[in-house]
Amino acid sequence: MSSKLATSNLSLRQLRAFVAVAQESSMTRAAARLHLTPSALSMLVRAMEDDLGVRLFERTTRRLVLTPAGQQFLPTVERVFAELEQGLNDLQAVQHMKDSVLRLVATPLLASALFPQLIASFRLLHPQVRVELLDGPVDSLPALVRQAQVDMAVCTANDDAFDVHATPLYADTLMLACHSAHPLAMQREVAWQDLLSEPLILMRHGSGLRTLVDQAFARWSRRIQPAYEVSQVATALGLVAAGEGVSVLPSYAISRVQSLSSTTTISTVALVSPTVSRQIVALTKSGVDASPAAQAFMAHFKMHAGKA
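Sequential numbering from 8 applies to the sequence shown in our numbering.
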């Protein structure tokens, strides 16, 4: 019998029977797992061996042991079932996403800097999903998730959001933003300590970004006296572009400004000693599975956030 004919005679029932017996090493236990009688299961295995023209099991008085041929064949069959299950899950996910609505909320900075490109590329892959985007202050986002007003919130990690589920999406590194003509713009990296003599443009106290900056400076100075304190990143970037000082900002916010203008006068430089990152997370309702559309968007975010 040719191998092509033998393969075509195999059925999914036979393959499932083979895997169950191989994993259980017992016809009785495997039969119970498959809701079959031991005799029916034994017939399936024997028919499979006949079709293949090779013995897959050595039968002893107490257990069934895979032959060398069975040991070689088992990983292939297990891989086939794993790929089949993944394919079915993907098919179901596409069907569940059909004509669905994905309601997102993010902080204004994330919504303006990262989300436009991410949503556009996501919609190219999933045109059947309608995306609704809100922006709001970070402290309001967990409540929107709890009240099911949105499917997912995206923000920087917040220890106070203890009753929602946080999924890490992206680690963003704080960078130095300075005018392109500034001497620091020519360096590959700058230590935080080197900024103490510079006119600093920082966020106001109370923001998560300002807290990280203050913590990074704390080893050299207990109290930083910035040249400007602002509430919006756009304001900080405008002052930097005007040559009024340097700032420490999320890399995605600076790169977004640079991508929108070919004539930007802002340069970014890596900050070291220490390198400071903050985690961007997706908040979803605790105890509830995220929708297929939300899961797909989280996977898309993880893959493409650094390129947006």
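Ideal Cβ placement from N, Cα and C applies to all residues, glycine included.
A quick note: this is a predicted structure, and the numbers were derived from the prediction, not measured.
Is the beta carbon of residue i less than 9 Å from the beta carbon of residue j?
i	j	result
ALA38	ALA47	yes
VAL145	CYS162	yes
THR174	MET305	yes
ILE287	LEU203	no
ALA113	LEU140	yes
ALA164	ARG285	yes
LEU207	PRO190	no
LEU116	ALA260	yes
VAL255	LEU278	yes
ILE273	HIS212	no
How long is the line joining the alpha carbons of residue i and residue j, rounded to whole angstroms?
i	j	result
LEU244	SER228	24 Å
GLN222	GLY215	11 Å
ASP158	ALA188	44 Å
ARG62	LEU51	13 Å
MET182	ARG110	31 Å
HIS172	ARG153	10 Å
ARG40	VAL72	18 Å
PRO45	PHE25	13 Å
LEU121	ALA312	7 Å
PHE88	LEU22	9 Å
LEU17	MET310	39 Å
ASP142	ALA118	6 Å
ASP170	LEU151	12 Å
THR74	ASN96	33 Å
THR83	ARG70	23 Å
ALA127	GLY252	34 Å
ARG66	GLN302	46 Å
ALA27	ALA289	39 Å
LYS11	ASP57	In this prediction, LYS11 scores a pLDDT of 47, lower than 50, which makes its location untrustworthy; the coordinate-derived value is nonetheless stated afterwards. Taking the straight line from one Cα to the other gives about 14 Å.
Quick one: what's residue i bridged to in DSSP?
i	result
LYS292	VAL171
THR163	ILE287
LEU73	PHE64
ARG137	VAL108
LEU278	VAL197
THR44	DSSP, once it has assigned bridges, lists no residue as partnering THR44.
Going by other Cβ atoms of all chains shown within 10 Å of its Cβ, with 16 needed for buried, is residue i buried or exposed?
i	result
LEU131	exposed
GLY294	exposed
ALA225	exposed
HIS133	buried
ALA249	exposed
PHE308	buried
MET210	buried
THR291	buried
PRO281	exposed
ALA178	exposed
Over what stretch of residues does the beta strand (DSSP E) that includes residue i continue unbroken?
i	result
THR35	It is not in any beta strand (DSSP E) - THR35 instead sits in the alpha helix (DSSP H) that spans 34-41.
THR272	It is not in any beta strand (DSSP E) - THR272 carries neither H nor E in the DSSP assignment.
GLU205	Taken as a continuous stretch (DSSP letters only), GLU205 belongs to no beta strand (DSSP E), as it is neither H nor E.
ALA198	196-198
VAL237	235-237
Considering just the uninterrupted stretch of the alpha helix (DSSP H) at residue i, what are its terminal residues?
i	result
SER254	Where SER254 is concerned, there is no enclosing alpha helix (DSSP H), although the beta strand (DSSP E) it sits in stretches over 253-257.
VAL240	240-248
VAL152	148-153
SER128	122-132
ALA306	299-311
GLY215	215-224
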